[in-house]
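See below for the structure under consideration.
In full-length UniProt numbering, the protein residues as written are 1 to 198.
So, in structure tokens, the structure goes:
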């Protein structure tokens, strides 16, 4: 190969120029609100983590969720250290319910803004309880927890999963709830048959 893949002199000059040009434009990291607002420019989906405690079902709305590994099947959620749900998620099965754009009331309910709890239809099986009608779900067993500053990164091993066809996601962007823009000439989808994998 004759192409130069890396030239340290070019890199050093570029780094020096960047430092001089942008030193005054970098916002202070001491302002967590500004950092949070800037991070909010990354649109995310919305999930509700659900679990059982005694004879009751509980949930918490989060938007820090990502896939980690296919072999073994792992996913990650980021939880505030002071979350009451954190202890439960580290020691018992839980479900990640990916919300559709018709489930804003569900997101609000589990985000601490109570709605009519009777509208939430639970599915209970041998794994963690989950919310019926969600865009997708992943039932997990705890795999590991890692220090994430003021959060704890919780990894779950996927035991079963499923999805709804033709359902659009609920989104969170710049502190606001949102939905995907519809393409012209297409109609919004309703809940279709559910596909599951165990």
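C-beta atoms are modelled at their ideal positions from N, C-alpha and C, and glycine is treated no differently.
Contact between residue 47 and residue 123 does not hold, since the beta-carbon distance rounds to 16 Å and is not under 8 Å. Straight through space, the alpha carbons of residue 77 and residue 66 are spaced by roughly 7 Å. Assigned with DSSP and collapsed to three states, residue 150 falls in coil, not helix or strand. Assignment of residue 73 by DSSP, reduced to helix, strand and coil, places it in the strand class. With fewer than 16 other CB atoms across the displayed protein chains lying within 10 angstroms of its CB, residue 32 is exposed. Cα atoms of residue 115 and residue 145: separation of roughly 31 Å, rounded to the nearest angstrom.
Secondary structure of residue 107 (DSSP, three-state): helix.
If you check the CB distance, residue 88 and residue 137 do not come in under 8 Å. For residue 49, no alpha helix (DSSP H) run applies; the uninterrupted beta strand (DSSP E) run containing it begins and ends at 47-53, by DSSP.
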